[in-house]
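J.: Sharing a structure here in structure tokens format.
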Amino acid sequence: MRGLAVVTGSLLLIGGTVLVVAADQQRVDSLAEARAAVAQAEEQLDATRDANYLLAEKLTALRTAIAEQETQLADTTGFLP
Numbered sequence: 016m017r018g019l020a021v022v023t024g025s026l027l028l029i030g031g032t033v034l035v036v037a038a039d040q041q042r043v044d045s046l047a048e049a050r051a052a053v054a055q056a057e058e059q060l061d062a063t064r065d066a067n068y069l070l071a072e073k074l075t076a077l078r079t080a081i082a083e084q085e086t087q088l089a090d091t092t093g094f095l096p
């Protein structure tokens, strides 16, 4: 009976160890996936930020051109070029 208890206890110990290792591996895989997702999001953010800077430069140029045209249109004396 003692032998059966030792064998059963050993099997339970080995099974528990396998479960802990499997759970740890799953946690490591999940962390790797999360890190990859964060890296991808950062890359997309950088690309979007660069595109926004380019659009902001174009918008500034357009606003400047509009302001110059409004100045010309507002000149009622006709002295501006």
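Mapping of the sequence shown onto the numbering used here: residues 16 to 96, in sequence order.
Yeah, the Cβ is synthetic: ideal placement off N, Cα and C, and Gly gets one too.
#1: So for T79, helix, strand or coil by DSSP?
#2: Please report the distance separating the alpha-carbon of N67 from that of E83.
#3: Return the CA-CA distance between L26 and G18, expressed in angstroms with no decimal places.
T.: Well, looking at it:
#1: As a position in the sequence shown, residue 79 is number 64, starting the count at 1. Correct three-state label for T79: helix.
#2: Translated into positions along the sequence shown, residue 67 becomes position 52. Translated into positions along the sequence shown, residue 83 becomes position 68. Computed Cα separation, rounded: 24 Å.
#3: As a working note, residue 26 is residue 11 in the sequence shown. As a working note, residue 18 is residue 3 in the sequence shown. Cα-Cα distance, rounded: 12 Å.
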